[in-house]
Amino acid sequence: MLVDHEGQVQTDNWRYPSSDALPTFAARTVLQPQQWDDYHMRFGQPAEGLWLAADQDPAQVRALLGQLTLIVIEFAKSRDGRGFTLARLLRERHGFTGDLRAAGPLLPDQFAMLLQCGFTSALVSPSVPAQRWHAAAASHRQARPRTLLQRLSQRSEA
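Residues in the sequence shown are numbered consecutively from 349, following the numbering used here.
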């Protein structure tokens, strides 16, 4: 199930071929790094998405970032925090501006941290009700500190 940054369930239009399958050409395909060159050579253009393990060195994929509209970071376990670090590095140090998607056994309690680290969507288990993701996003928005301008404008409206 795909949830966006507001915790809303969205239709996922991306293709995720397995790492051992030979990918076929399609728009909005997400590949693993070892599939990238073969896909590019076979079809004459790069894929639009890249699937990374949480322990991936971002410097190894830096040259590809400008060609991507989506990066999926896989969390092998819900307790593995390396995906959060990788997301921050891709956003802050390497300037990735596309969709950054978390995938794996994630929990709604982690949603606020996902958003703070730069994730814009998440592939999550359908066993967790969609309402819990929406509630997690809503509590993140409410807990976020407001700027002085936001606080003053709210007073003037009251």
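C-beta: ideal position from N, C-alpha, C; glycine also.
Between the C-alpha atoms of residue i and residue j, what's the straight-line distance to the nearest angstrom?
i, j, result
"Ala450", "Ser501", "35 Å"
"Ala478", "Asn361", "19 Å"
"Gly392", "Asp386", "10 Å"
"Gln383", "Pro453", "24 Å"
"Thr468", "Ala407", "21 Å"
"His388", "Val472", "29 Å"
"Gln464", "Arg410", "22 Å"
"His319", "Lys425", "There is no way to answer for residue 319, as the model of the chain reaches only from 349 to 506."
"Arg441", "Asp405", "12 Å"
"Gly466", "Arg430", "14 Å"
"Pro394", "Gln415", "7 Å"
"Met461", "Arg363", "26 Å"
"Leu448", "Ala435", "7 Å"
"Gln356", "Leu350", "8 Å"
Just tell me which of the options has its CA closest to the CA of residue i.
i, options, result
"Leu370", "Leu400, Glu354, Arg390", "Arg390"
"Ser366", "Asp428, Ala485, Leu400", "Leu400"
"Asp368", "His353, Gln380, Thr468", "Gln380"
"Thr417", "Arg430, Thr445, Arg427, Leu438", "Thr445"
"Val420", "Gly397, Arg430, Ala375, Leu412", "Gly397"
"Arg427", "Ala402, Gly355, Ala484, Ala485", "Ala402"
Name the two residues that bound the continuous alpha helix (DSSP H) containing residue i.
i, result
"Ala435", "430-436"
"Arg390", "381-391"
"Ala450", "Looking at the DSSP string, Ala450 is not in any alpha helix (DSSP H); the run it does join, the beta strand (DSSP E), is 447-451."
"Leu462", "459-464"
Mind checking residue i: buried by the 16 CB within 10 Å criterion, or exposed?
i, result
"Thr377", "buried"
"Phe423", "buried"
"Leu497", "exposed"
"Gly443", "exposed"
"Ala470", "buried"
"Phe459", "buried"
"Ala486", "exposed"
Residue range of the beta strand (DSSP E) that residue i falls in?
i, result
"Asp352", "350-352"
"Ala401", "397-401"
Please report the Cβ distance between residue i and residue j, rounded to the nearest whole angstrom; I am assuming they are in contact, meaning their Cβ atoms lie under 8 Å.
i, j, result
"Arg439", "Pro456", "About 22 Å separates the two Cβ atoms, so there is no contact after all."
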